[in-house]
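These notes concern the structure reproduced below.
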Amino acid sequence: MGAAGMPGRVIAAQDVWKSYDGREEVLRGVDLDVDPGESALVWGENGSGKTTLLSILGGLEPPSRGFVEVGGREITSLREKHLARVRLLEIGFVFQTHRLLEDLTLEENVALPLRLAKRPAEARVVELLEVFGLTKLASRRPGEVSVGESQRAAVARALANGPRVLLADEPTASLDPKGTAAVLDALRIARENFGAAEVVAAHDSGVRTLEATEYVLEDGRLRKRA
Ligand SMILES: Nc1ncnc2c1ncn2[C@@H]1O[C@H](COP(=O)(O)OP(=O)(O)O)[C@@H](O)[C@H]1O
Ligand SMILES: [Mg+2]
């Protein structure tokens with residue numbers, strides 16, 4: 377048994393430590409709780425451990441110590457097979473670049489997680505494209521739309537299976553102001569329309585207007601920003 381995440385909390389991390397290969401700790405006792413529909417914005421310099429923290433919250437990387445609960449389930453002790461299932465169904469990832477498959481249309485990209493989960497895709501994909509303002513671009517490929525539109529499609533894809541958690545690692549870092557605004561809007565939709573709990577990592581000012589609980593990651597510790 378692990379941490380006592382509060383009921384209703386979608387993400388509950390308790391005393392998370394991480395060192396890679398026994399080297400100096402990148403994370404030194406991080407606690408974080410995020411509610412449904414809440415966005416936690418994690419500020420930190422390059423190399424401060426933002427990607428490490430998101431990887432641990434998303435079950436991509438094990439912590440050296442500590443516990444993580446997603447949707448009330450402790451994931452740190454799950455075997456890889458179960459973890460893969462949790463990642464597919466409960467957690468959406470958005471990265472600095474959209475990471476869509478270039479040979480697939482936006483529609484096919486958004487459908488991909490549903491296909492992997494062997495779920496009916498059509499109605500869900502139509503809904504997602506509509507909500508994210510991508511219906512007219514559905515049959516275009518990532519190379520045929522703007523970077524901001526691709527990133528919006530990436531958010532739509534991340535939400536395909538209705539995950540409770542959305543993890544976004546510097547999602548606006550490679551975007552101009554217009555693309556940034558589009559992505560921040562997509563993150564707001566994810567919270568408001570889909571009730572996702574979000575953790576958004578950033579090191580620049582692009583996401584400043586995001587409505588969020590703000591934290592700073594420094595020296596391996598996460599503290600609430602005053
Ligand atoms: N897979 C890894 N193996 C070894 N060291 C890593 C690995 N990933 C990150 N690190 C180290 O951990 C520290 C934090 O990196 P990272 O989490 O990527 O920070 P950020 O995302 O804030 O830039 C850095 O010193 C980095 O070199
Ligand atoms: Mg990073």
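Count the sequence shown with the numbering used here and you get residues 377 to 602, in order.
Think of the CB as a built atom: it goes at the ideal place given N, C-alpha and C, for glycine as much as any other residue.
Bear in mind the structure is a predicted one, so any value in this text is a computation, not a measurement.
Reduced DSSP secondary structure (H/G/I, E/B, other) of residue i
i	result
residue 585	coil
residue 394	strand
residue 562	helix
residue 496	coil
residue 491	helix
residue 477	coil
residue 380	In this predicted model, residue 380 has a pLDDT of only 47, less than 50, meaning its place in the structure is not dependable enough to derive any value.
heavy atom of ligand 1 below 7 Å from residue i C-beta
i	result
residue 434	no
DSSP bridge partner residues for residue i (one or two, in chain order)
i	result
residue 600	591
residue 387	410 and 446
Residue i: CB within 7 Å of a non-hydrogen atom of ligand 2
i	result
residue 574	no
residue 546	yes
Residue i CB to nearest heavy atom of ligand 4 below 7 Å
i	result
residue 554	This structure lacks ligand 4; its bound ligands are ligand 1 and ligand 2.
Residue ranges of each alpha helix (DSSP H) run of no fewer than 4 residues wholly in the segment 394-473, ordered along the chain?
-> 426-433 and 456-466
Of all residues in the structure, which have a C-beta closer than 6 Å to any heavy atom of ligand 1, taken in chain order?
-> 396, 402, 420, 422, 423, 424, 425, 426, 427 and 428
Which full runs of the beta strand (DSSP E) of 3+ residues lie inside the segment 501-578, going along the chain?
-> 541-545 and 573-578
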